Every structure is written in C-alpha cells, then in structure tokens.
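J.: Letter by letter, the sequence shown follows residues 592 to 706 of this note's numbering.
Note that the Cβ used here is the ideal one computed from N, Cα and C, for glycine as well.
All of these numbers come straight from a predicted model, not from anything done at the bench.
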Amino acid sequence: MNFYDKVTGNDMNKQQAEFQKRIKKLPQDYQDSWHQLNLKIWNYSNLTGRNIYPILEGLVGLFEESAAEGLPINAVVSEPLDEFVAEITEVEGAKSYRGKLRDQLNKNIAKKLGR
C-alpha cells in the first residue's frame with residue numbers, strides 16, 4: 592500500500608469494493624444480512640475505520656463458507672443483529688462510540704479524584 596492510498600483512504604475503498612464483489616456471489620439473504628451488518632459495524636470503528644476491516648474480512652469468509660455449506664443465514668448470524676455485531680467487535684477489541692465515551696468519562700473522574 593502506498594502512502595497516497597493510506598492517507599486518502601483509497602485502500603479502504605478498494606477493499607470495500609472487493610468485499611462487495613464477493614458478497615454479490617452469495618445468496619440474496621446473505622447479501623441482505625451483509626448490508627445490514629455493514630451499516631451497524633461502523634459504530635465500533637476507530638478514527639480511521641481501519642480496525643473494522645479485519646473483522647469484515649472474517650465475516651465475508653464466514654458468509655462464503657456458510658453459503659457453500661448450504662446453511663441458512665439465521666444459522667450464521669444470530670438475532671438481533673445489534674447483539675451479534677457487539678459480540679464480534681468485543682472479541683476483536685473494538686469499542687462502540689458509547690464505550691469510548693464511557694472510558695473517557697471514567698478516566699476524567701479518576702483524574703479529578705486523584706486516583
């Protein structure tokens with residue numbers, strides 16, 4: 592990856608386009624679930640969003656393997672989708688915006704209390 596791509600985010604656009612190509616090969620219910628999941632997962636991104644791409648790569652692979660085995664999407668992705676996304680991102684160490692604010696507040700309070 593060159594410097595220009597990294598600074599402009601062009602590398603992420605290319606990666607997202609690659610994910611979309613792979614997802615279009617899957618059954619429609621997998622595609623629909625991907626689009627919903629892709630919207631929700633960005634709440635857990637850092638400033639650049641680069642921390643989300645390894646998670647997305649794993650999810651695309653999971654979707655491809657599950658579709659090849661003929662599993663229905665509800666056997667792969669648990670309901671509600673918000674909880675599924677929260678569990679995956681928690682395992683990977685990504686925090687939601689609310690979690691980041693909570694941590695910042697706790698640090699500020701501890702600092703004020705002299706701890």
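Here's a check: name, in chain order, each residue in its chain whose Cβ is nearer than 8 Å to the Cβ of F675, leaving out the five neighbours to either side.
T.: Hits under 8 Å: L628, V668 and S669.
J.: Can you have a look at Y621 and say buried or exposed, based on whether 16 or more other CB atoms are within 10 angstroms of its CB?
T.: buried
J.: Taking 8 Å as the threshold (C-beta atoms), are M603 and Y644 in contact?
T.: yes
J.: For F712, count neighbouring Cβ atoms within 10 angstroms of its own Cβ and tell me buried if that reaches 16, exposed if not.
T.: Limits of the chain in this structure are 592 at one end and 706 at the other, which puts residue 712 out of reach.
J.: Taking the alpha carbon of D623 as the reference point, which residue from I664, V598, E660 and D694 has its own alpha carbon closest?
T.: I664
J.: Which one of F594, Q619, K605 and T599 has the shortest CA to CA distance from L662?
T.: The shortest Cα separation from L662 among F594, Q619, K605 and T599 belongs to Q619.
J.: Report the residue ranges of all alpha helix (DSSP H) runs contained in full by the segment 646-688; include only those spanning at least 4 residues, in chain order.
T.: Listed in chain order, the complete alpha helix (DSSP H) runs (minimum 4 residues) inside the segment 646-688 are 664-667 and 672-683.
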